[in-house]
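J.: Residues 1 to 427 (the working numbering) make up the sequence shown, in order. Yeah, the Cβ is synthetic: ideal placement off N, Cα and C, and Gly gets one too. Remember, it's a predicted structure, so these values are computed and weren't measured experimentally. Just passing along the structure, written as structure tokens.
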Amino acid sequence: MLILTLSLFLSFWHGRFAGFVSLTVSALIYTTGRYYFFNFAPDIKSLFNVVSLGALFIYLGGALRAFRENHKNKIMIRYRKASDKKTRLSMISKAQQNIINELEERVTRQKDSLNLLFERINEIDCLDTNISISKLLDTLIHFTSAENISIWVFDPSSNKLKLKMRKGEKQTEKVRDVLDLQDTIEGWVFRNNQLFSMRMTLDYDNLSKLNTENSIICCPVVLDNKIWGVINIESLPFIKYSEYTENLIQIIISLGQPALKKALDFENLLSGDEQNETTGLPQFTQLYRILDKNRYDDSGTFNTSSLIIFDFLEFSELSQHYGYEKILNLQAELLKELSDHNSNSSEIFHYRQDSMMAMYIPHLDYDGCSLFCLQSLEYINSKKWILEGQTISLDVSLGYSSNGTNEKVDPDDLIKRAEYLLEIQKI
Numbered sequence: 001m002l003i004l005t006l007s008l009f010l011s012f013w014h015g016r017f018a019g020f021v022s023l024t025v026s027a028l029i030y031t032t033g034r035y036y037f038f039n040f041a042p043d044i045k046s047l048f049n050v051v052s053l054g055a056l057f058i059y060l061g062g063a064l065r066a067f068r069e070n071h072k073n074k075i076m077i078r079y080r081k082a083s084d085k086k087t088r089l090s091m092i093s094k095a096q097q098n099i100i101n102e103l104e105e106r107v108t109r110q111k112d113s114l115n116l117l118f119e120r121i122n123e124i125d126c127l128d129t130n131i132s133i134s135k136l137l138d139t140l141i142h143f144t145s146a147e148n149i150s151i152w153v154f155d156p157s158s159n160k161l162k163l164k165m166r167k168g169e170k171q172t173e174k175v176r177d178v179l180d181l182q183d184t185i186e187g188w189v190f191r192n193n194q195l196f197s198m199r200m201t202l203d204y205d206n207l208s209k210l211n212t213e214n215s216i217i218c219c220p221v222v223l224d225n226k227i228w229g230v231i232n233i234e235s236l237p238f239i240k241y242s243e244y245t246e247n248l249i250q251i252i253i254s255l256g257q258p259a260l261k262k263a264l265d266f267e268n269l270l271s272g273d274e275q276n277e278t279t280g281l282p283q284f285t286q287l288y289r290i291l292d293k294n295r296y297d298d299s300g301t302f303n304t305s306s307l308i309i310f311d312f313l314e315f316s317e318l319s320q321h322y323g324y325e326k327i328l329n330l331q332a333e334l335l336k337e338l339s340d341h342n343s344n345s346s347e348i349f350h351y352r353q354d355s356m357m358a359m360y361i362p363h364l365d366y367d368g369c370s371l372f373c374l375q376s377l378e379y380i381n382s383k384k385w386i387l388e389g390q391t392i393s394l395d396v397s398l399g400y401s402s403n404g405t406n407e408k409v410d411p412d413d414l415i416k417r418a419e420y421l422l423e424i425q426k427i
């Protein structure tokens, strides 16, 4: 019985081979022990039965062990597959998270770039032409990493392009300030109103024959649907040269063109007459000088003052029907009447367009200006004028802004705020 138990145990835990070895060794020990100690051999039939029964138990024990090992292996295989799948999912999840982080950072960088671009475009919007051009070139340098950049404008007297401004780190020894329209890339861009890029010289022989030493990307500047000048990227890092950079340059120039036009218009106004011939009132140039002159008092403190811009919406129709001078004088008469209703000594000016006039009121804060504007609109809506025997009324929009002691506003910002509110009133 002990032989059978030991063999069965070994076959179940260590396999059939261990069971048969155990059975054989046990049988030999039993037979030898009986013969040695008791001087007679065990019964062969009984020993055969025990060995046969032991072999059967060993086979069954081995089968049970094989079944247990097979089941255990299946469990281990499932566990390894689950572990591998979990590892792959973890790697995929980590990769996806890295992609999400990269996209978020890219969006953040784009947002920061858009905010910076918006700020730079606002800096371009001023009434000084040189400052506007300088800020435009600075913006292009920042976003394209250009090392050298210049802007050229057309000179009708010489029929050539003249250098308006150049910026950059690398300055060549031989710097020209006048370019011919026929023999230069800048002239080709000006004549054709088309962007030039260095890669175009590979496809067009006429461009490769022109002087392309200092022209990587050259873009036209269009004001009032007319070519005003060209901006030339003279030096650019190789890694930055791409179609994306070309598109970015065109976008920045397009965004800066309205501000540049405003500055040029103001420059033209400064070179014009100081008073309107019809009404005798000062022109817009005088208004800007008054705003700049009166923003400080003798102690250097900001003065409280307000600016109101009046836009007569039916000016063109009324001028065609009653005459340009009559309507212009009617506008001036209206503003003089409004000025008389104000206790402060106000000054009246013509504005950028014939349909617009402005009133400067010193020592009037924002609240007082708002109240005065409401009273002015009530007066205009209730007032009737008679021209050539016909009664007419005026449709007027206005915008205003104020400069107080708590906020330092320069003339440019004062004008911008009033113009912005005027545009809002028209919507």
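1) Hey, F190 and I227: beta-carbon distance below 9 Å or not?
2) Hey, which unbroken runs of the alpha helix (DSSP H) at 4 residues or more fall wholly within the segment 315 to 378?
3) Measure the C-alpha to C-alpha separation of N130 and E147 and round it to an integer number of angstroms.
4) For F284, collect the residues of the same chain with a Cβ closer than 7 Å to its Cβ; drop the 5 residues on either side in sequence, then sort them by chain order.
5) Among the residues of its own chain, which have a CB less than 8 Å from the CB of V429, if the five just before and after it don't count?
6) With DSSP as the reference, label S158 as helix, strand or coil.
7) So what does DSSP say about G168, is it helix, strand or coil?
8) What residue range is occupied by the uninterrupted alpha helix (DSSP H) comprising S208?
9) Is P282 near E347, with beta carbons less than 9 Å apart?
10) By a C-beta neighbour count over all protein chains shown, 10 Å radius and 16 as the cutoff for buried, is E246 buried or exposed?
11) Under a Cβ-count criterion, where at least 16 other Cβ atoms within 10 Å of its own Cβ denotes burial, should K262 be classed as buried or exposed?
12) Taking the CB atoms as reference points, tell me whether T391 and E325 lie closer together than 9 Å.
13) Please state the DSSP three-state secondary structure of S254.
14) Quick one: is G389 buried, meaning 16 or more other Cβ sit within 10 Å of its Cβ, or exposed?
15) Beta carbon of M359, beta carbon of F312: below 9 Å?
16) Helix, strand or coil for N225? Go by DSSP, reduced to three states.
17) State buried or exposed for T87, treating a residue as buried only when at least 16 other CB atoms are found within 10 Å of its CB.
T.: Walking through what the data contain:
1) Stepping through the sequence shown from its first residue, residue 190 is reached at position 190. Stepping through the sequence shown from its first residue, residue 227 is reached at position 227. Cβ atoms of F190 and I227: closer than 9 Å.
2) 315 to 322 and 324 to 340
3) Taking the first residue of the sequence shown as 1, we reach residue 130 at position 130. Taking the first residue of the sequence shown as 1, we reach residue 147 at position 147. Near 20 Å, if we compare the C-alpha coordinates of E147 and N130.
4) Along the sequence shown, read from residue 1 onward, the residue named residue 284 stands at position 284. L269, F349, H350, Y351 and R352.
5) For residue 429 there is no data in the structure shown, the boundaries of the chain being 1 and 427.
6) Residue 158 sits at position 158 when you count from the first residue of the sequence shown. Of the three classes helix, strand and coil, the one that applies to S158 here is coil, per DSSP.
7) Stepping through the sequence shown from its first residue, residue 168 is reached at position 168. Residue state, collapsed to three classes: strand.
8) Here residue 208 corresponds to residue number 208 of the sequence shown, with the count starting at 1. That run of the alpha helix (DSSP H) goes D205 to S208.
9) As a first step, residue 282 must be located in the sequence shown, where it is residue number 282. As a first step, residue 347 must be located in the sequence shown, where it is residue number 347. Against a cut-off of 9 Å, the Cβ pair of E347 and P282 comes out as a contact.
10) In the sequence shown, residue 246 corresponds to position 246, counting from 1. The residue is buried, with at least 16 neighbouring Cβ atoms inside 10 Å.
11) Within the sequence shown, the letter at position 262 stands for residue 262. Label assigned to K262: buried.
12) By one-based count along the sequence shown, residue 391 stands at place 391. By one-based count along the sequence shown, residue 325 stands at place 325. No, they are not a contact pair.
13) For the purposes of this step, residue 254 is taken as the residue at position 254 of the sequence shown. It is helical.
14) Numbered from 1 along the sequence shown, position 389 holds the residue referred to as residue 389. Label assigned to G389: exposed.
15) The sequence position of residue 359 within the sequence shown is 359, counting from 1. The sequence position of residue 312 within the sequence shown is 312, counting from 1. Going by C-beta atoms, M359 is not nearer than 9 Å to F312.
16) The residue labelled residue 225 in the question sits at position 225 within the sequence shown. Correct three-state label for N225: coil.
17) Reading the sequence shown from its first residue, position 87 is the one you call residue 87. Exposed, since its Cβ has fewer than 16 Cβ neighbours within 10 Å.
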